[in-house]
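Counting in the working numbering, the sequence shown tops out at residue 184, every number present.
Below: one structure, written as structure tokens.
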Amino acid sequence: MDSSSFPDVESSNSENSSSINTGGGGNTSSTAGTSSSSGSTLSRYENQKRRDWNTFGQYLKNHRPPLSLSRCSGAHVLEFLRYLDQFGKTKVHTPICPFYGHPNPPAPCPCPLRQAWGSLDALIGRLRAAYEENGGKPETNPFGARAVRLYLREVRDLQSKARGISYEKKKRKRPPATTSSEASPPLPPPGEG
Ligand SMILES: [Zn+2]
């Protein structure tokens, strides 16, 4: 018998925070920012977009060998997304884990933490917009590359299976059932792609 107490760290299933946490060092004041027309309150989206863009810029700067934005391809974007996984906070169970497919595992397990698919998806959307706002051409936008789209779809599929969560958008409205505490039925197999 194990004790019923377990740390409440990993109960963040529905938490769809779309911000990417890149760990410590949120220190952006070192670079000489010549932001001329700031001051007006930007929307949260715009702020987040700028932060993401800076993060990606830092990533390019630290890249070995050095990588310029103009030479950045979809493959580099995938590299970036995998790099971000080390800062992830979403438990993604491996197929051999007993909690594979459980939305709310009753105990801790050693499966890796990753960036949630929803976060990555939103991140790519923001970076894609930022790229073009910074003078990039849409036809060479690495964030819109097919490989990136395929990767995101793969991550979504994998995480929805591993965590027992459906990321499908709600297509049809269901009549508001009486709030039940029953277990929800298992996911239907993914049909058409
Ligand atoms: Zn696990």
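Think of the CB as a built atom: it goes at the ideal place given N, C-alpha and C, for glycine as much as any other residue.
Three or more beta-carbon pairs separated by less than 8 Å link the stretch 146 to 159 to the stretch 80 to 98, which places the two stretches in contact. In the DSSP annotation of this structure, the continuous segment of the alpha helix (DSSP H) that includes residue 115 starts and ends at 108 to 124. Straight-line spacing of the CA atoms in residue 112 and residue 61 works out to 22 Å. Proximity of the stretch 44 to 59 to the stretch 76 to 85 falls short of the contact definition, fewer than three beta-carbon pairs being nearer than 8 Å.
Only residues of its own chain outside the window of five on either side were considered, and among them 71 and 118 have a CB closer than 7 Å to the CB of residue 47, listed in chain order. The Cβ neighbour count for residue 36, taken over all protein chains shown within 10 Å, is under 16; the residue is labelled exposed. Secondary structure at residue 32: coil, using DSSP grouped into helix, strand and coil. Its Cα nearest to that of residue 143, the residue 106 stands out among 127, 123, 130 and 106.
DSSP, read as helix, strand or coil, puts residue 85 in coil. Per DSSP, the unbroken alpha helix (DSSP H) holding residue 143 starts and ends at 137 to 154.
By alpha-carbon distance to residue 158, the top candidate from 67, 108, 93 and 95 is 108. Residue environment for residue 96: buried (at least 16 other C-beta atoms within 10 angstroms of its C-beta). By alpha-carbon distance to residue 131, the top candidate from 65, 115 and 104 is 65.
Minimum Cα-Cα distance from residue 139 among the listed residues 53, 41, 49 and 68 corresponds to 68.
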